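First comes the structure, then the notes that go with it.
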Amino acid sequence: MQTVLFHSTIFGPIHSRRLGVSLGVNLMPNDGKICSFDCVYCEAGYNAQGPGKDGVPTREAVKKGLKKKLEEMKAEGSKLDVITFSGNGEPTIHPHFKEIVADVMRLRDTYYPEAKVSVLSNSTMAGKPSVVEALLKVDNNILKLDSALPATMRAINQPVSSGALPEGIINDLKAFAGQCIIQTMMLRGEHNGVKIDNTTDHEIDALIEAYKEIQPRSVMIYSIDRKTPEEHLEKVEKEELERIGARIKAAGFDVQVNA
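The sequence shown begins at 3 in the numbering used here and counts up one residue at a time.
Right, here's the structure in full:
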């Protein structure tokens, strides 16, 4: 079974298609996965692998680990484009997410003031005031919306809570008043006998209407780049992604295509 990707709280730096040279911050366990979604394409595997035994890192452990790594990188003259909250699940679930974001911003300012701080989030906590406050402080709060249609969202993202639906997420994202980046994974395939395809005209039309409601700073669309827990998924190739991106751009949005 495909299992967790990251076995440390601070990992990398790695090269990100979307962000450049990225130093990762994993706020979930190093030996398990905790997430409010259970996406069929998640490179960290399914939630069924369990949360592990280590638990989530403390605020102090995150601060100490990041400080040590940034000091090492600075001494080596290493390049850094971004510090990215990502890892083995949803970072905004961490009980001290807001405080950790503040710590990371201060450390960034001290060691790599030119680097950005980004958060990759599935948007399920985007209605929680402390999470919103923290996300509005980072340079790039990158929030997921893979489908604006309930059945497709359930098939792709498999939310842990039955109450997590596109309408609620879209409503929460509207509250950011444009201070967010929407990220959409484009894919097709099959899971548990159910066909999945968010690249159809109907799906793209619904996404564009959702983007119009949210009015994000920009939209990122991308496709599968690594092994996924569901084996029957198809990568959407660059040419098709660019056609989809052109439709979104024609609707008035800045679009980044990552094939």
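Where a beta carbon is used, it is the ideal one built from N, C-alpha and C, also for glycine.
Quick caveat: nothing in here was measured; it's all calculated off a predicted structure.
- The alpha-carbon of methionine 107 is positioned some 14 Å away from that of aspartate 83.
- In its chain, beyond the 5 residues on either side, Leu29, Val58 have a beta carbon closer than 6 Å to the beta carbon of histidine 96.
- Cα atoms of glutamate 101 and lysine 229: separation of roughly 33 Å, rounded to the nearest angstrom.
- If you draw a straight line from the Cα of serine 149 to the Cα of threonine 112, it comes to about 39 Å.
- Within the model, the alpha-carbon separation for tyrosine 48 versus leucine 209 is close to 25 Å.
- Put simply, the backbone Cα of isoleucine 198 is about 44 Å away from that of glutamate 74.
- Glutamate 232 has its alpha-carbon roughly 9 Å from the corresponding atom of cysteine 44.
- Residue range 183 to 187 is occupied by the beta strand (DSSP E) that includes threonine 186.
- Residues of the same chain with a CB within less than 6 Å of the CB of glycine 191, apart from the 5 flanking positions on each side, are Ile198, His234, Leu235, Glu236 in chain order.
- With a beta-carbon spacing of about 5 Å, phenylalanine 8 and glycine 89 fall inside the 8 Å limit used to define contacts.
- Here the alpha carbon of glutamate 205 sits roughly 7 Å from the alpha carbon of leucine 151.
- Counting only the Cα atoms, valine 42 lies some 8 Å from histidine 193.
- Measuring C-alpha to C-alpha distances from valine 238 to each of Ile250, Lys251, Ile223 identifies Ile223 as the nearest.
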